[in-house]
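Residue numbers (my numbering), protein chains in the order written: chain A, 8 to 410; chain B, 36 to 442.
Yeah, the Cβ is synthetic: ideal placement off N, Cα and C, and Gly gets one too.
Some notes on the structure that comes next.
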């Protein structure tokens, strides 16, 4: 299978989505674009604040975050503080099946363009709200960005080193966690609409989504009363980053989850006559408590280092994998383009952004009948005002004249 | 579940071969919304979350792991030994009654059992078949193995997650297993169901966990392709806002404070009115604050140190400043009033474990909400699935059990 362009319709071809989301909800509408929807992003007349979200591209002065999230959407500029802007927004919503927004709870209602007002004459409307803490509850009005959301959702405390402060996952990860849940809820609502003809409201709290992403931390506490915190680097013998001639290799030869990685690693090191490998075959290395001691970690790391330090990271990655030892080459962003598997699968996609040549990640999933196209154009500010808003203006004027 | 509110995915049947962390989290969402999700298990080789714990009451047991229950709510479980030809035959019969088949085996495993896409889709055009292989079903590294922690490294998220002095640490969890890979799989399955409803056609869906996870780095990949620069690790800081980051409080706790707009600064200055820096007019603008970011960090650190984090958070939020305690599991379960009000965590009874805490569904549908029902015991639904649905007679069930088909 490839991600080649195709004439086949997407799952959501012909479905119109109005996107008034910020970073909290924007990955949901990106998912809908990938499924073929016609997504119209509404930005303020003063410009979409997302156009300033990092990473900014030095060569163009544009936000790569904005480009990645909004390629293939159409952009219109509307001033929702004016009656005309609100009327045109209402008209756009009337022409759509789905709305995704992240306004602070109550603000759209106060302007008369919230879900309850705009669904009154449009019972099939699906409307997803994605906000830091959700639309109700004592903290509904509280504010958060990615850092604060990762803190409040319980994820931040799980990363970083015990002797240093907790560590945020990089790259606006809240966007992805919340956007995927919002897209899922929206698609279930769309399925229900196909069955019943009725729309509904979907409420998504970023904090809830992150609290859903904590591995088993909630259950470890509720079952054992143990509060999971960030763990020491290489917390167990056989696990960690090891030096290579040209970088590092990550080895994950633990025994709790998949014991064979450790056994296979020890067997290989013994066959290679690595000094100290024989001792790692003793029974005590099957005991997790021992494996977590400083002594066990230091002793095993010294042996594994002797294996890795004479080889290149891609070379040893292949050798480890051939022996069924969980592992991965240390990869910075620039290294990702060298991934042999992704090259073979023709995954990356070359498409310019505002005239500048660029390489895009390929699709997050591949579908044989409804494949994603190459990423569409990145819309500049108000790029589609004329084609989208002219009909809306006409309809708004007709409606006014009729009243 | 009340009778007048049918769950939205009622009527969809899913044959679920997924195991471990990522796959089951995708199919559980289908089950929570009413799909009949049949989890294919075996007693000869347990789904490893069943044997990892944490266990209810600290007592180990294959039906006692809360890690397992949280990922397998609302499903049905069959136990069957696919090494027996009769077992494969029964599962083939079952697959013929299913709308969706999902697996996250290594590429080729189901094919070897005779349960691959080509076999199951033969003679029908409406099957949705979903694979979640680690790195795709073809290519030079299709047979490589991995877990969330190795995907963190391979996908590049480890390589951007570190302290500002350059020390890389990466995520502390098998991060891609918990929202991203299940999320992409769920979106793809729902998209395929919608497509089928519109056209009558099923399809083959592949969620390569590497391709899925690397989209988390999408903006960075795009930026690198244009600038050729690896992003330096940023820790909890910001290049565009100050004061910004984590600040220490009493009892070794931290609070996140994110002053990204001048109004946030004004709020902070009101709460910290007794501090000398609060009235500094030079700090009223982002440019002024960024010029003194390091001094500000020290000053705010001195101010927060020793303060009660929960109290400080409330004061800051009420003043319009984005701020939040670095919460842990105990804070979420015991303390956070928002989590409680929204029932983000709910308790559901389990036949062996008693009351079990689950994460509730993080998206709430106003008219057709999903519902978390108990995760199954292993093999709990053999009689229902094989007896009631496939019509295998009780004496035949007994004979097959003796042959080890239901191991």
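Residues that DSSP places opposite residue i in a beta bridge
{"i": "residue 239 (chain B)", "result": "B:164"}
{"i": "residue 24 (chain A)", "result": "A:46 and A:105"}
{"i": "residue 6 (chain A)", "result": "This structure leaves residue 6 (chain A) out entirely; chain A is present only between 8 and 410."}
{"i": "residue 256 (chain A)", "result": "A:249 and A:336"}
{"i": "residue 71 (chain B)", "result": "B:48"}
{"i": "residue 63 (chain A)", "result": "A:70"}
{"i": "residue 363 (chain A)", "result": "A:360"}
{"i": "residue 281 (chain B)", "result": "B:291"}
{"i": "residue 197 (chain B)", "result": "B:203"}
{"i": "residue 360 (chain B)", "result": "B:290"}
{"i": "residue 100 (chain B)", "result": "B:90"}
{"i": "residue 159 (chain A)", "result": "Its beta-bridge partners do not exist; DSSP assigns none."}
{"i": "residue 81 (chain A)", "result": "A:47"}
{"i": "residue 76 (chain B)", "result": "B:114"}
{"i": "residue 373 (chain A)", "result": "B:241"}
Beta-carbon separation (whole angstroms), residue i vs residue j, contact threshold 8 Å
{"i": "residue 65 (chain B)", "j": "residue 224 (chain B)", "result": "7 Å"}
{"i": "residue 98 (chain A)", "j": "residue 92 (chain A)", "result": "So it is not a contact: roughly 11 Å between Cβ atoms."}
{"i": "residue 311 (chain B)", "j": "residue 292 (chain B)", "result": "Contact doesn't hold; Cβ gap of about 18 Å is too wide."}
{"i": "residue 216 (chain B)", "j": "residue 244 (chain B)", "result": "5 Å"}
{"i": "residue 376 (chain B)", "j": "residue 144 (chain A)", "result": "4 Å"}
{"i": "residue 113 (chain B)", "j": "residue 75 (chain B)", "result": "6 Å"}
{"i": "residue 268 (chain B)", "j": "residue 196 (chain B)", "result": "7 Å"}
{"i": "residue 156 (chain A)", "j": "residue 139 (chain A)", "result": "6 Å"}
{"i": "residue 226 (chain A)", "j": "residue 210 (chain B)", "result": "Not really, about 17 Å apart at Cβ, beyond 8 Å."}
{"i": "residue 137 (chain B)", "j": "residue 248 (chain B)", "result": "No, residue 137 (chain B) and residue 248 (chain B) are not in contact; Cβ-Cβ is about 18 Å, not under 8 Å."}
{"i": "residue 262 (chain B)", "j": "residue 66 (chain A)", "result": "6 Å"}
Residue interval of the beta strand (DSSP E) (run including residue i)
{"i": "residue 394 (chain B)", "result": "389 to 394"}
{"i": "residue 138 (chain B)", "result": "135 to 138"}
{"i": "residue 112 (chain B)", "result": "111 to 114"}
{"i": "residue 385 (chain B)", "result": "380 to 385"}
Reference residue i; option with closest CA among the options
{"i": "residue 374 (chain A)", "options": "A:126, A:273, A:327 and A:41", "result": "A:41"}
{"i": "residue 107 (chain A)", "options": "A:118, A:361 and A:207", "result": "A:207"}
{"i": "residue 182 (chain B)", "options": "A:364, A:63, A:368 and A:335", "result": "A:335"}
{"i": "residue 91 (chain B)", "options": "B:388, B:407 and B:228", "result": "B:388"}
{"i": "residue 164 (chain B)", "options": "B:145, B:441 and B:178", "result": "B:145"}
{"i": "residue 390 (chain B)", "options": "B:354, B:104 and B:77", "result": "B:104"}
{"i": "residue 294 (chain B)", "options": "B:228, B:320 and B:284", "result": "B:320"}
{"i": "residue 401 (chain B)", "options": "A:205, A:347 and A:21", "result": "A:205"}
{"i": "residue 235 (chain A)", "options": "A:161, A:201 and A:126", "result": "A:161"}
{"i": "residue 133 (chain A)", "options": "A:372, A:200, A:27 and A:39", "result": "A:200"}
{"i": "residue 253 (chain B)", "options": "A:76, A:124, A:243 and A:21", "result": "A:76"}
{"i": "residue 141 (chain A)", "options": "A:369, A:385 and A:109", "result": "A:109"}
{"i": "residue 77 (chain B)", "options": "B:436, B:413 and B:422", "result": "B:413"}
{"i": "residue 354 (chain B)", "options": "B:306, B:324, B:338 and B:343", "result": "B:306"}
{"i": "residue 59 (chain B)", "options": "B:213, B:396 and B:346", "result": "B:213"}
N-terminal and C-terminal residue of the alpha helix (DSSP H) that residue i is part of
{"i": "residue 347 (chain B)", "result": "344 to 353"}
{"i": "residue 399 (chain B)", "result": "Here residue 399 (chain B) belongs to no alpha helix (DSSP H); instead the beta strand (DSSP E) covers 398 to 400."}
{"i": "residue 55 (chain A)", "result": "Taken as a continuous stretch (DSSP letters only), residue 55 (chain A) belongs to no alpha helix (DSSP H), as it is neither H nor E."}
{"i": "residue 198 (chain A)", "result": "180 to 203"}
{"i": "residue 153 (chain B)", "result": "152 to 156"}
{"i": "residue 314 (chain A)", "result": "301 to 315"}
{"i": "residue 297 (chain B)", "result": "297 to 306"}
{"i": "residue 338 (chain B)", "result": "328 to 339"}
{"i": "residue 270 (chain A)", "result": "267 to 278"}
{"i": "residue 224 (chain B)", "result": "215 to 234"}
Heavy atom of the ligand SAH within 8 Å of residue i beta-carbon
{"i": "residue 259 (chain A)", "result": "Although the ligand SAH was asked about, the structure shown includes no ligands whatsoever."}
- Query: Taking Cβ-Cβ distances below 7 Å as the criterion, which residues of the stretch 99 to 115 of chain B are in contact with chain A?
  - Reply: Those residues of the stretch 99 to 115 of chain B that come within reach of chain A (Cβ to Cβ, closer than 7 Å) are 101, 102 and 105.
- Task: Report the residues of the stretch 223 to 239 of chain A with a CB closer than 9 Å to any CB of chain B, ordered along the chain.
- Result: So the close ones are 223, 224, 225, 226, 227, 228, 229, 230, 231, 232, 233, 234, 235, 236, 237 and 238.
- Item | the stretch 141 to 171 of chain B: positions lying closer than 7 Å to chain A by Cβ | Residues passing the 7 Å Cβ filter: 170 and 171.
- Task: Name, going along the chain, the residues of the stretch 59 to 81 of chain B whose beta-carbon falls closer than 7 Å to a beta-carbon of chain A.
- Result: Hits within the stretch, in order: 64 and 68.
- Message: At a CB distance below 9 Å, what residues from the stretch 162 to 174 of chain A approach chain B? Give them in sequence order.
- Response: Correct list: 162, 163, 164, 165, 166, 167, 168, 171, 172, 173 and 174.
- Task: Check each residue of the stretch 316 to 335 of chain A: if its Cβ is closer than 7 Å to any Cβ of chain B, include it; give the result in chain order.
- Result: Listed by position along the chain: 328, 331, 333, 334 and 335.
- Taking Cβ-Cβ distances below 8 Å as the criterion, which residues of the stretch 365 to 387 of chain A are in contact with chain B? The stretch 365 to 387 of chain A vs chain B, Cβ under 8 Å: 365, 366, 367, 368, 369, 370, 371, 372, 373, 374, 375, 376 and 377.
- Task: Anything in the stretch 237 to 250 of chain B with a Cβ closer than 9 Å to a Cβ of chain A? List those residues in chain order, please.
- Result: If the cut-off is 9 Å between Cβ atoms, the stretch 237 to 250 of chain B has 237, 238, 239, 240, 241, 242, 243, 245, 246, 247, 248, 249 and 250 near chain A.
- Message: Using a Cβ-Cβ cutoff of 8 Å, what residues of the stretch 96 to 129 of chain A are near chain B? List them in chain order.
- Response: Result list empty, no residue passes.
- With 7 Å as the limit, tell me which residues of the stretch 283 to 316 of chain B have their beta carbon closer than that to any beta carbon of chain A; keep them in chain order. Here the close residues are 289, 291, 293 and 295.
- Task: Select from the stretch 337 to 354 of chain A all residues with a C-beta closer than 7 Å to any C-beta belonging to chain B, and list them in chain order.
- Result: Those residues of the stretch 337 to 354 of chain A that come within reach of chain B (Cβ to Cβ, closer than 7 Å) are 337, 338, 339, 340, 341, 343, 347, 348, 351, 352 and 354.
- Query: Of the residues that make up the stretch 182 to 211 of chain A, which ones have a beta carbon closer than 7 Å to any beta carbon in chain B?
  - Reply: Per Cβ criterion, the list reads 183, 184, 187, 188, 189, 190, 191, 192, 194, 195, 196, 197, 198, 199, 201, 205, 207, 208, 209, 210 and 211.
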